[in-house]
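Just remember that our numbering sits 55 ahead of the position in the sequence shown, which is counted from 1.
I have placed the structure first, in the form of structure tokens, so that the comments after it can refer back to it.
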Amino acid sequence: MTRTASRSQALLHLYMALFFAYMFLPLFVMVAAGFNNYSPPSITVWQGLTLRWFGDLWQDTRMWTGLANSLIIAASVIALSLPMGLSGALLLSKLGSRSGGLLYAILVSPLLTPGLIIGISTVMFWRHLGVSAGIVTAILAQSAFISSYSMLMFMARLQRQDTTLEEAALDLGATRAQAFRRITVPFLRPTIITAAVIAFLQSFENYNTTIFSIGGRHTLVTEIGARMRFGMSPMINAIGILFIVVTVICAVGWAILRQRERRAETAK
């Protein structure tokens, strides 16, 4: 190995080390502070291992209510944003680039709009129709921009679709609904799953739009944000640790499922 190649390899290893330190070191600090019997959270002042913050979290009804509200909103946003995003993607794919340019800009514009504007405008609009700020307005406000994410994902998938398959199905006597259900939906199934996961994460972690549209109700994220104004609590670290555990379990489960699918495909 030449000297230049060895230097490049050393720089690459240094970069990877710095990258992983930047990504995971804050998580390690948060986890350690979550088991420290000291408040506010700290790893420099150590008073011994404890699980008291998990016990406090278990008894905190507002946090559990916020979690329930977050899950309800996220599930509802998925149910709304995916059909809206798919409808927009299908419409734009049929119109083409020339006639669909203006409509594309309109449909994507919620992504460029600040969250507080979406939240406030949603509350003002639905208030005139007799709907007070709460869970429903939070769902509608989040769906307004999350559906744009879904639309972009569906558009990217539809650009790779072989349209001759649908045309052949129509020539053989299938209706457009049957062709869509039998050909397009199976082709879009991976994107549907991915879009649902992204919509869930976007909704669950959203703060700016939710805080201005949910009124007197609260989600887990808005409740954490409200408490942060009065100082950091180790109970927040306990929440972070639980989310890390759930994320790792989901990632490992997904990897196992993918490995089984690949083995099944190889066996065929």
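Glycine residues also receive a C-beta, built at the ideal position from the N, C-alpha and C atoms.
All values reported here derive from a predicted model rather than from experimental measurement.
Every unbroken stretch of the alpha helix (DSSP H) spanning 4 or more residues and falling wholly within the stretch 264-293 is given here in chain order: 275-283.
Annotated three-state conformation of L227 is coil, per DSSP. Between G280 and Y262, the C-beta spacing is below 9 Å.
Excluding its 5 nearest sequence neighbours in each direction, L135 has C-beta neighbours in its own chain below 6 Å: S198, listed in chain order.
The C-beta distance from T274 to N124 rounds to 5 Å, short enough to fall under 8 Å.
Between F74 and V307, the alpha-carbon positions lie close to 22 Å from each other.
Counting C-beta atoms within 10 angstroms of its own C-beta, G110 has fewer than 16 neighbours from the protein chains shown and is therefore classed as exposed. Note on geometry: alpha-carbon atoms of G189 and G271 lie some 7 Å from one another.
Burial check for W108: the Cβ neighbour count within 10 Å reaches 16 or more, so the residue is buried. The C-alpha of S97 lies about 12 Å from the C-alpha of M290. Counting C-beta atoms within 10 angstroms of its own C-beta, N92 has fewer than 16 neighbours from the protein chains shown and is therefore classed as exposed. Here the alpha carbon of F209 sits roughly 19 Å from the alpha carbon of A129. With a contact defined as Cβ atoms closer than 8 Å, Y204 and I253 qualify at about 6 Å. Looking at the backbone, the Cα of L80 and that of C305 are separated by about 21 Å. Setting aside the 5 residues that flank it on each side, L166 is surrounded in the same chain by F200, S203, Y204, each with a C-beta closer than 8 Å to its C-beta; the list follows chain order. Assigned with DSSP and collapsed to three states, N91 falls in strand. Spanning the alpha carbons of I266 and L150 requires a straight line of approximately 37 Å. Runs of the alpha helix (DSSP H) spanning 4 or more residues and lying entirely within the stretch 233-260 occur at 240-259, in chain order. Non-local C-beta neighbours of T192 in its own chain, meaning closer than 6 Å and more than five positions away in sequence, comprise T177, V178, W181, S268, ordered along the chain.
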